[in-house]
Every structure is written in structure tokens, then in C-alpha cells.
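Have a look at the structure below, then the notes.
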Amino acid sequence: MDEIIAKIDDPEILPQIDKVVPFHGYLSTGAFIGLQMLKIASELLDINDDDRIFVTCETLNCLPDPFQILHGCTVGNKGLKILDYDKMAVTINKGAKPGETNVKGVRIFLDPAKTAKYPVFHAWYMNERKVPHEEAISELIKAGDDVYTWEFVDVQVPVKAKKDVRICTSCGESFISKDGSTVCKGCLEKL
Ligand SMILES: [Zn+2]
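This is the structure in C-alpha cells:
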């Protein structure tokens, strides 16, 4: 893996890799894809290193981690939303200005029609055979943004509604009720 990292001459991505590796555990192909997607979005949306961004990842695997470590997007601070679609895609936007109801974002996905030009990487993506991360990342470095497709999207800014806090009639613990429910989700699943 160190050999691969030595081949990367992108002055932006290199220091990012140094931060992502200890956080994620190693440089996985998925985490590297996240870095490349972040780079594309940063250029398209003029995102600076210290800008707060909002990211929706369409997979739980690897892809969310670069956004957590480099931009502090977490599930808890609402900077990171995960859709469990198992798709290599993200939507990224900057924060809205006060009063704005929607904001320009970009959705980027790893495009199989484009990865086909990079057979080793395509084999990793389609899981045709076992491809080591080193080989997959090597091809990704060559490909750069050539394997991604993106479009600008309108992202709705969530409206803050007053929380309807209730005591669950089943377990007696407090919870935030949606649509007037009197039983918490934990208990509903057990019923
Ligand atoms: Zn309950």
C-alpha cells in the first residue's frame, strides 16, 4: 500500500490520505473513491477545507469516512446522512444561507459505463474477481475524475419542527413522537 501512496502526486489528496488512513484503518478503495468525489465536489461547489458541508452517502461502506474526518460531517451533527442503497454515490452541498429553503448540491456516482475503460478497476467494481485494493486504487489514480458522472441537484433545507416529546405508554421512557404516536419505535418493533 505504501508503494501506491508513493505514486500519488496529487498535492491535495496526499495529506488527506494521511488523515483518512488512521481513522478508517487503512486506505480502502471505497475511501479513496470518497476522496475523489470530495475533490470533484470541492471544485464544482467551491468548497474550502474549513467549510461546513452536508453529505448524503448512498452506502454504509467506506465511502462516508473521508467526509467525516476531513469535513467533520457526522450522523450526530446532521452533516452526514446515510441511505442504505449500497450504491457508490454521494450528494454534497454547502450550508444554506439564512432564509434559503433550498441550496445547490451535486450528486456524483461511480459510473459503470465509464469504469469499463479501466478493466482492473471495473472488475473490482463489478466484483467479477478478487482485486487487491492496491491494484484498484492504482487504476483509480490513473482515471482521476474520468470514472465519475455528476449532476447539479436542488437540495431541500430541512425545516426545524418543534419536537413532540412524549412518554411511551409501553416502556415509560421519553421519546420524540412522529405523527402523534404514543409508543416509541423500540417498543413498536417488539409489539
Ligand atoms: Zn417504549
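Okay, so the sequence shown: first residue is 5 according to the working numbering, each after it adds one. Even glycine gets a Cβ: it sits at the ideal position worked out from N, Cα and C. On a predicted model such as this, the values are computed, not experimentally measured, just so you know.
Using a Cβ-based criterion (distance less than 7 Å to any ligand heavy atom), does residue i qualify as near ligand 1?
i	result
Ser46	no
Cys188	yes
Glu193	no
Ser174	yes
Glu177	yes
Exposed or buried, residue i, counting other C-beta atoms within 10 Å across all chains shown (16 or more means buried)?
i	result
Leu39	buried
Ile51	buried
Glu193	exposed
Val163	exposed
Ile132	Checking the sequence shown, residue 132 turns out to be Glu, not Ile. Classification of Glu132: exposed, given that the 10 Å Cβ count is below 16.
Phe58	buried
Glu143	buried
Ile141	buried
Ile180	exposed
Met5	exposed
Gly34	buried
Asp168	exposed
Am I right that residue i and residue j are in contact with their C-beta atoms under 8 Å? What's the rounded C-beta distance?
i	j	result
Leu67	Ile37	6 Å
Val151	Tyr122	7 Å
Thr95	Val161	In fact, because the Cβ distance is near 13 Å, the residues do not count as touching under 8 Å.
Thr186	Arg170	6 Å
Considering only their Cβ atoms, is the gap separating residue j from residue i smaller than 8 Å?
i	j	result
Phe71	Leu84	yes
Ser32	His137	yes
Leu74	Lys23	yes
Glu62	Tyr89	yes
Val110	Ala45	yes
Met92	Leu114	yes
Cys191	Ser174	yes
Asp54	Lys98	no
Ala100	Val107	yes
Ile21	Ile145	no
Val159	Glu139	no
Inset, instruction - Quick one: which unbroken alpha helix (DSSP H) runs of 4-plus residues sit fully inside the segment 96-154? Chain order, please. - result: Secondary structure within the segment 96-154: the alpha helix (DSSP H) runs of 4 or more consecutive residues, fully enclosed, are 116-119, 123-129 and 137-147 (chain order).
Inset, instruction - Enumerate, from N- to C-terminal direction, the unbroken alpha helix (DSSP H) stretches of 4 or more residues contained entirely within the segment 6-30. - result: Within the segment 6-30, the complete alpha helix (DSSP H) runs of at least 4 residues are 6-11 and 17-28.
Inset, instruction - May I have a chain-ordered list of the beta strand (DSSP E) segments no shorter than 3 residues that lie completely inside the segment 33-108? - result: For the segment 33-108, whole beta strand (DSSP E) runs of length 3 or above, ordered along the chain, are 57-61, 84-86 and 93-98.
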